[in-house]
Amino acid sequence: MTTTKQEKKRGAFDFNYYYDSMCVLKDLSPVSAIKANIGKGIIDICVDSLKYPDWAPMLESIKINRNLRFYSFKSKLGSKEQKSVSKASFLNYPSIVTALCSSLKDTLSISSELRFLEFQNIPLSSEDIDLLKYGISRNCSLNHLSLDGCLIGDKLCKS
Numbered sequence: 103m104t105t106t107k108q109e110k111k112r113g114a115f116d117f118n119y120y121y122d123s124m125c126v127l128k129d130l131s132p133v134s135a136i137k138a139n140i141g142k143g144i145i146d147i148c149v150d151s152l153k154y155p156d157w158a159p160m161l162e163s164i165k166i167n168r169n170l171r172f173y174s175f176k177s178k179l180g181s182k183e184q185k186s187v188s189k190a191s192f193l194n195y196p197s198i199v200t201a202l203c204s205s206l207k208d209t210l211s212i213s214s215e216l217r218f219l220e221f222q223n224i225p226l227s228s229e230d231i232d233l234l235k236y237g238i239s240r241n242c243s244l245n246h247l248s249l250d251g252c253l254i255g256d257k258l259c260k261s
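For the sequence shown, our numbering gives the first residue as 103, with consecutive numbering after it.
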């Protein structure tokens, strides 16, 4: 079973619909934390709570989305709350962070609604920064970008 063009077209403006469809395709239950504020145009999630299989439906849905206004991805890594972070964290799969940045690059390139993008304590590589930079360069609506605790350094800030 695959998604049709019609489903993708609807999914571009209905994150909930497309995310649920992607979960069904992958035989997964939707993650309530991802869906919690979708009605307000917001994804605000602590990524430490996501299991590896949970990422794919979210990333596919972000990639095509045109109407969410607010994305916030936070980790407790590097914070005082770090003790509660699972050893099965996304950090065991650095490609997940790159896939997240790639999906955000795509939505930044097509969305005129996206206003807020935040990463907190997410380890971004130079490749990840390049992906975000590409998407941001094609976006006219982003008002706020925060990379708090991402340890990107001066060299990557200049790029």
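Beta carbons are placed, not taken as given, at the ideal position from N, Cα and C, and that holds for glycine.
At the C-beta level, Leu206 and Leu226 stay beyond 8 Å of one another. In chain order, Ser174, Ser248 place their CB closer than 6 Å to the CB of Glu220, counting only its own chain and leaving out the 5 sequence neighbours on each side. Contact check between the region 110-126 and the region 152-163: three or more CB pairs, one atom from each, fall below 8 Å, which counts as touching. Under the three-state reduction of DSSP, Cys148 is assigned to strand. The distance from the Cβ of Ser211 to that of Arg240 is about 4 Å, consistent with a contact at the 8 Å cut-off. Judged by DSSP in its simplified three-state form, Leu130 adopts coil rather than helix or strand.
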